[in-house]
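J.:
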Amino acid sequence: QGNIEHAAQEDESCESDVAELVRARMEGYREMAEGSTAPDFVIRDVHGMSQRLSELPNPYVLVMFWASTCGHCTAMIPELHNWYMNENLLDMEVIAISIDSSSVHFENYVSEMEMNWITNHDPLGWHGKVPTDYHIYATPSMFLLDGERKIVSRPVTFRQFRKAVRSLNY
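Numbering (the working numbering), first residue to last: -1 to 168.
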């Protein structure tokens, strides 16, 4: 039973605590189905460079929303990063957008992980433009996009991500 309580506490830190926001976002998220074009955006990465989704040259992009306080995220990110650095035969770019409410938590986690992909922190968290446009209501939330920036898959776990990648022709 202790594990159930821990899991419930962990899930709470991974979801917005505003019930109306969650309900509205869940409805919008359902509309972002496979085959839909993902919303374009411009973000400033941790190095101060502006990155526009539609201008990335990569044939595939994974857009991932995460938070350093989300246990599911912090468990998955090292696996995903290892895949990105060692198994990425697709020339896939990853855009990892943190919705941490604390920039200190974000900065500490990023400095520990030394992520080599595009990393961004949205200081407005759940209410930021990109999380809103993508109808994010929980973390991690991932969108695997093709070269036309159409949604190929919305994996929830690293295992689902790997399965989605294997289904692509490479």
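We put the beta carbon where it would ideally sit given N, CA and C, even for glycine.
With respect to the alpha helix (DSSP H) encompassing Asn106, which residues constitute its N-terminal and C-terminal limits?
T.: Where Asn106 is concerned, the enclosing alpha helix (DSSP H) stretches over 101 to 111.
J.: In its own chain, which residues sit with a C-beta less than 7 Å from the C-beta of His4, not counting the 5 before and 5 after it?
T.: With a pLDDT of 34 at His4, under the threshold of 50, the modelled position of this residue cannot be trusted, and the question is left open.
J.: Among the candidates Arg152, Tyr135, Gln158, Gly145, whose CA atom is the shortest distance from the CA of Cys68?
T.: Taking only the C-alpha atoms, the option nearest Cys68 is Tyr135.
J.: Run the CB neighbour count on Thr35, radius 10 Å, all protein chains shown included, and call it buried at 16 or more, exposed below.
T.: Thr35 is exposed by the Cβ-count criterion.
J.: Have a look at Ser151 and Ala162 and give me their C-alpha separation to the nearest angstrom.
T.: Between Ser151 and Ala162, the C-alpha separation is close to 7 Å.
J.: Can you tell which of Phe141, Ser165, Arg164, Arg147 has its C-alpha closest to the C-alpha of Val154?
T.: Looking at the Cα atoms, Phe141 is the closest of the given residues.
J.: Opposite Thr35 in the DSSP bridges: which residues?
T.: Looking at the DSSP assignment, Thr35 forms a beta bridge with Lys148.
J.: According to DSSP, is Ile75 part of a helix, a strand, or is it coil?
T.: Reduced to three states, the DSSP call for Ile75 is helix.
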